[in-house]
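Numbering (the working numbering), first residue to last: 157 to 598. Beta carbons: idealized from backbone N, C-alpha and C, even for Gly. Data block below; observations after.
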Ligand code: SAH
Ligand code: SF4
Ligand code: F3S
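This is the structure in structure tokens:
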């Protein structure tokens, strides 16, 4: 294998995360780990050690790793490069060979980063893509200062094996973190400044502890933490949407009225070929039940267009599902064949130009609904959690309960919750007029 050129032990570090929110969370934990080792944070262009926390979900995401590595080596610079995340897990030694990086570490092994970095400095390439049954979390340092909205991974991995998807291979089997460890981390996040916590998992609503408690019990317990005003969770699978969790959307005021529930396609044949294990109808029935208990809930989803064999009529079923639901916001993607997945060897690939056309039509429908959803909030009064300063002086930016970005004017502190009347709605943000304030210290 092409050995990396050895480099001295690093004194500064930078972490760059790509992909999903779970990677953002892992990136924060890796940064905390490096800081605990005495390394100083800096930007990627000058750091001695750059950790690329990568995503493998689509071909473009994977290719990004290689362009990033090229960029880091521009002008003859030779930082120590650690490839972490899902590409590290999927490609392992291949990435070390192809890109001559110093460390390759999988998503379940990054608690070993300090050791791997020393090994790389002493001997060259260090690789760890083990997936030990016990989770890494117990051996990570305590949480540092965080913003008002924090992520907290409670569940990892996936047992669903959708035929297009790499996640079951890169993140391993579904595992839930223990109840007590999550509550403790949530408390320390609130102590570190969080007013909102988003519980994360590849299938977060499959979270279940040894005593059989589900996500709604966890949310109920977290809701008792003083200072924690909002709870969210993502991403959910339709088949794990239990009655208990649906009821929590009625009973738990801290649980925000937002549900991200990917469907991928509105056609039953395509759903079967994707191994989604839900149908168009069973999905729509779940949304009906959620809307029955929480009529104002904002719905979100993920879609894939151009899955192998998808016909125009089958794609039309996706458009009609979108029309039937009226989503608040969505993500939509062109199908990307991934090595090692069953769909990658399926016949009847959809031509690129057909995929482009379908994606455009789908996104037009989704944009239309997003604007309609935003417009429907005009005139309503709601709470906004202030998260950062806005684009223009005097403006602050926060989130509505329905996860819309809301711009407000005035001197509000980050972490404040202000009650606003929504005055205007654009496609991507709302303007709010502040009526009342609840300071962060309340
Ligand atoms: N566990 C989550 C999401 C995982 S990945 C879920 O099942 O809902 C996020 C999204 O990426 C998926 O919902 C899907 O829409 C998209 N995706 C996954 N694999 C893909 C592929 N091979 N090509 C295109 N999009 C893909
Ligand atoms: Fe991938 Fe399907 Fe698992 Fe989501 S449920 S992570 S799409 S295999
Ligand atoms: Fe990407 Fe891995 Fe997340 S493949 S989407 S970083 S689970």
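Just the C-alpha distance for residue 230 and residue 268, rounded to the nearest angstrom, thanks.
Cα to Cα, residue 230 sits roughly 28 Å from residue 268.
Residue environment, residue 576, which counts as buried when at least 16 other CB atoms sit within 10 Å:
Buried, because 16 or more other Cβ atoms sit within 10 Å of the Cβ of residue 576.
Are at least three pairs of beta-carbons, each pair with one atom in the stretch 420 to 432 and one in the stretch 373 to 383, less than 8 Å apart?
These segments do not touch.
Inter-residue Cα distance where the pair is residue 365 and residue 352
The straight-line gap separating the alpha-carbon atoms of residue 365 and residue 352 is approximately 22 Å.
So if DSSP puts residue 373 in a beta bridge, which residue, or which two residues, is it bridged to?
Residue 373 pairs with nothing; no bridge assigned.
With DSSP collapsed to three states, give me the class of residue 291.
In the structure shown, residue 291 falls within a coil segment according to DSSP collapsed to helix, strand and coil.
For residue 274, does the three-state DSSP call read helix, strand or coil?
It is helical.
With a threshold of 6 Å on Cβ separation, who are the neighbours of residue 489 within its own chain once the five nearest residues in sequence on each side are excluded?
Exclusion of the five residues before and after residue 489 leaves 460 as the residues of its chain whose Cβ lies within less than 6 Å of its Cβ.
How many Å lie between residue 283 and residue 260 at the Cα?
Going from the Cα of residue 283 to the Cα of residue 260 covers about 5 Å.
Is residue 458 near ligand 1, going by C-beta to nearest heavy atom under 7 Å?
Because some heavy atom of ligand 1 lies under 7 Å away, the Cβ of residue 458 counts as near it: yes.
Does DSSP classify residue 384 as helix, strand or coil?
Coil, per DSSP.
Cutoff 7 Å; reference residue 158; Cβ partners in own chain excluding five residues on either side
The pLDDT assigned to residue 158 is 49, lower than 50, so where the model puts this residue is not dependable; a value taken from the coordinates is nonetheless given after this. So the list reads 253, 256, once near-sequence residues are dropped.
Measuring only the C-alpha atoms, how far is residue 248 from residue 536?
Distance between the alpha carbons of residue 248 and residue 536 is about 51 Å.
Inter-residue Cα distance where the pair is residue 445 and residue 525
Cα to Cα, the separation comes out at about 21 Å.
Those residues which DSSP pairs with residue 389 across a bridge
Answer is 355, bridged to residue 389.
Helix, strand or coil for residue 195? Go by DSSP, reduced to three states.
Taken through DSSP and simplified to helix, strand or coil, residue 195 comes out as coil.
Out of curiosity, what's the CA-to-CA distance linking residue 110 and residue 162?
Not covered by the structure: residue 110. The range shown for the chain is 157 to 598.
Name, in chain order, the residues that DSSP records as bridge partners for residue 346.
Beta-bridge pairing links residue 346 to no other residue.
Can you determine whether any heavy atom of ligand 1 sits closer than 7 Å to the C-beta of residue 389, and answer yes or no?
Not so, every heavy atom of ligand 1 lies at least 7 Å from the Cβ.
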